[in-house]
Amino acid sequence: MKKYIYSLLSAAAVMIGCTACADLDLNPPADASSETWFSNIEEFEFAANDLYRLDLWYWECNRTWHTDRWTDDWEQQGHGYEWSTGALMSTTGYVKTMWLNTYKAITRCNAIIANVEKQRGKLSEKQLDRFEGEARMFRACFYSYLTFLYGDIPYYTDYITIDQAYAMGREKQSEVIKRIYEDFDKAAELLPETSTGNVRVKKATAHAFKARTASWMLDYPVAAQAAKACMELGTYKLDPNFEKMFYIDTYASDEFVFMIPRSRELHNDLITMSSFLPRNNSGKSLAVPSLELFCAFLCSDGLPIDKSPLFDRQKPFRNRDPRLGYTTVEFGTEFLGFEWDPSKNKVLNVNTGKQVSNNDSQLVQTLASWTGLILKKGVTEAWLSDKKADPNAIIMRYADVLLMYAEAKIEMNEIDQSVLDAINDVRSRAYKTTRSNTSLYPAVTTTNQDELRFQLRSERRMEFAWENRRWFDLMRWRLCDIAINRPVIDLPAKAQLQKNIKSGDYYFPSDALPVIEENGLVNLQPLVDSKAKFRKTMERKFDPAKGYLLPLPLSDVTLIPGMIQNPGY
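Letter by letter, the sequence shown follows residues -7 to 561 in the numbering used here.
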């Protein structure tokens, strides 16, 4: 498996080398024309491999946890991003980069599809079917991102220049979605049910991404149908080990619907991780899970923390969903060679057996985590050597397929046992058991639509924390105008923190708890108003009149007739 993945990565690395000077030039490679390329299977393979490049999947792979940074799951010591502070403009760099890179990727897909037709009857039909299937699936995915983010967009399937495509103007989103669905359906028809390795897309992959696109569009009948089609093929299954699935050496899992591996050996997009590592390990702990995310994890009875009798204010990890302890480090446990406890001045260095100054506490270090939390999901000691790592870019897991199916059925109010089964399959795995062992986990049993919606949204947040899914969920559920218009709230500063620890009001005070709302959002204002005096550290801003679409790049709007800017930008 690892050998196969490196082979695919090597091909992509060669392609990157060929195209770097041309800034993703349309011909694959940069010095070959479409008239001479695509003359044999090897050239098709080379071009198809190029679609698995990280920079073509900009919104998933531009940087680690790219869109999570804008959400209520993220805390970064008062630092805000353009989108979450209302400062996003049509001149913002990533607006144009995403737009341009995605259209260049689409043009590459179009080139493969057009040339497959030219080679029918000359080359292997089975292999040509796979190349066309991959190109159609990726084209559908790329257009899905564009229309979800920008609304009406230029849509083209011919092998033309990007400038020619832009000159066509913007096509209605409803028409674009129809064409996207057609591509997914054709891809599912052409792609094999199985493939070499865990990376290449398959028939079930096309169904899964069609379900995601339909979920983004709130097209629940199509989402349910596509997710069910993926489930019935039996290609993917839940990994029994939730925690290990995110380690950098997990190159294969039956749960990976689609992932793009990074490789330290091939110098393929190594990520600097110092901002996410503890200060006791010479990291910076600048970016950490938010208090809102921490409070969103249910208790082990399936109830939110403001309603469960099991919740312990002073030991807030106790009696919680196990995924909390897989996502952020439990207080009092060992992590990367040190005891993790932000309420102490000194902690144990496990390797030396000695107590050392606790640089991961605000009692000692002002820039220690402002929430007292640190990322655990996917973190291993391999991150420590040079503070760089090569985590896989997991773009979809099978758990998402199950929860998309359940959500679609809930929203259509077609609630049956299959809905409960899908949610409980995901939840029971977190408790290291199976759906039928209901004494070992809090099975979802209600058939009330509102209650199920809360459970489903809570499940998604717990399951996909820091996996680039939260922003897309907030956007499609139209919750940004609530979630992103609330300030970032953190633990109190040093003096008040010392008082809280001494009085027993740490981690949470005796006179207040966060409110977990019906929409699944967490309201932390009661902690600010409490005697513990939690503090507001940053204001976020979202304008619902414009914020649910991104601006088109100013350069394109200015230079191209018919490219009308989205409202408000």
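Even for Gly, the Cβ is constructed at its ideal location relative to N, Cα and C.
In this structure, the alpha-carbon of MET129 lies about 5 Å from that of ALA179.
Pairing ILE252 with LEU46 gives a Cβ-Cβ distance under 8 Å. Setting aside the 5 residues that flank it on each side, GLN357 is surrounded in the same chain by ARG271, ASN351, each with a C-beta closer than 7 Å to its C-beta; the list follows chain order. When DSSP states are grouped into helix, strand and coil, GLN409 belongs to the helix group. Sequence-distant Cβ neighbours of VAL507 in its own chain, meaning closer than 7 Å and more than five residues away, are ASP298, ASN515, PRO518.
For SER267, there is no enclosing beta strand (DSSP E), as DSSP marks it with neither H nor E. For secondary structure counted as the alpha helix (DSSP H) over 4 or more consecutive residues, the stretch 169 to 241 holds these complete runs in sequence order: 195 to 208, 212 to 225. The beta carbon of VAL321 sits closer than 7 Å to those of PHE327, TRP332, ILE366, LYS368, all from its chain and outside the five residues before and after it, given in chain order. Residue pairing by DSSP puts ALA385 in a beta bridge opposite ILE252. Partner residues in the beta bridge of PRO281, as assigned by DSSP, are TRP66. When secondary structure is reduced to three states using DSSP, LYS533 falls in the strand class.
The C-beta distance from ASN311 to CYS291 rounds to 5 Å, short enough to fall under 8 Å.
The stretch 284 to 355 is shown to contain whole alpha helix (DSSP H) runs of 4 or more residues at 314 to 319, in chain order. By the CB criterion at 8 Å, ARG204 and MET396 fall inside the cutoff.
With three or more CB-CB distances shorter than 8 Å, the stretch 459 to 478 counts as touching the stretch 535 to 546. Boundaries of the alpha helix (DSSP H) around ASP121: 117 to 142. Buried is the label assigned to ARG122, since at least 16 other Cβ atoms lie within 10 Å of its Cβ. ILE104 and GLY324 have their C-alpha atoms some 55 Å from each other. Sixteen is the threshold: since fewer than 16 other Cβ atoms of the shown chains lie within 10 Å of the Cβ of SER428, the residue is exposed.
Judged by DSSP secondary structure, VAL520 falls within the alpha helix (DSSP H) whose first and last residues are 517 to 520. Under the 8 Å Cβ criterion, the stretch 217 to 229 does not count as touching the stretch 148 to 167, having fewer than three qualifying pairs. For ASP246 and THR264, the gap between their C-alpha atoms comes out near 28 Å. If you draw a 10 Å sphere on the C-beta of LYS118, you find fewer than 16 other C-beta atoms in it, and that means exposed. For GLY317, the closest alpha carbon among the candidates VAL371, LEU355, LYS346 is that of VAL371. When only Cα atoms are considered, LEU489 and SER76 end up about 28 Å apart. Secondary-structure assignment with DSSP links GLU373 through no beta bridge to anything. By the 16-neighbour rule on beta-carbons within 10 angstroms, MET81 is exposed. Excluding five sequence positions before and after LYS276, the CB atoms of its chain that fall closer than 6 Å to its own CB belong to SER266, SER267, given in chain order. Taking ASP304 as reference, the option from ARG445, ALA206, SER502 with the minimal CA-CA separation is SER502.
By the 16-neighbour rule on beta-carbons within 10 angstroms, LYS194 is buried.
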